[in-house]
Amino acid sequence: MKYSKWIGIAGSVLLIIACMLPWVTIESRNIVATGLRTDGTSFGKPGLMNLILAIFATLFFLLPKIWAKRTNLFVCGFNLAWAVRNYIIVSGCFAGECPDKETGLYLLILSAVIMVTSAVFPDLELKKED
């Protein structure tokens, strides 16, 4: 794909923005949890790993080396797995109380899928050997 590098970088930027947006709202305790701020819950900082992986993926999208593209496939795949993990853990019901899912949680999954798709189809020309 001709524009896979730029689409992957746009997915990384979207993922970083999604980590800052609200993921869930727990109305009974008046809590709005984001990827980096989950005060009042036991989630920790679930979006921090996604943020770090998105930064590495952006660097690997920019490097025109074959090892960077192969490593980026692993990084983006792990990022998607971590995003699905966050979706399951953060949006799950605890003690009969189900949080309301917000836009940031859906954008997290969408951007991780965009990144993996761009990593599967890298824009790299291979040298032909005679």
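In the numbering used here, the protein residues as written are 1307 to 1436.
Yeah, the Cβ is synthetic: ideal placement off N, Cα and C, and Gly gets one too.
A quick note: this is a predicted structure, and the numbers were derived from the prediction, not measured.
Following the continuous beta strand (DSSP E) through threonine 1331, name the residue where it begins and the one where it ends. 1328-1332
Using a Cβ distance threshold of 8 Å, determine whether the segment 1329-1336 contacts the segment 1372-1381, with at least three qualifying pairs required. no
Do alanine 1324 and glycine 1383 have their C-beta atoms closer together than 9 Å? no
Would the segment 1360-1369 count as touching the segment 1399-1406 if we require 3 or more Cβ pairs under 8 Å? no
Counting only the same chain and skipping the five closest in sequence on each side, list residues whose C-beta sits under 7 Å from that of tryptophan 1329. Ala1339, Thr1340, Gly1341, Val1396, Glu1408, Gly1410 and Leu1411
Less than 8 Å between the CB atoms is what I'm expecting for leucine 1357 and isoleucine 1394, so what's the real figure, rounded? About 19 Å; that fails the 8 Å criterion.
Of all the beta strand (DSSP E) runs that stay within the bounds of the segment 1307-1375, which reach a length of 3 or more residues? 1328-1332 and 1337-1340
DSSP-derived helix/strand/coil call for phenylalanine 1400: strand
Out of Ile1337, Ala1425 and Val1381, state which residue places its alpha-carbon closest to the alpha-carbon of lysine 1308. Ala1425
Quick check: what's the CA-CA separation for lysine 1311 versus threonine 1423? 10 Å
Mark phenylalanine 1427 as exposed unless 16 or more other C-beta atoms lie within 10 angstroms of its C-beta, in which case mark it buried. exposed
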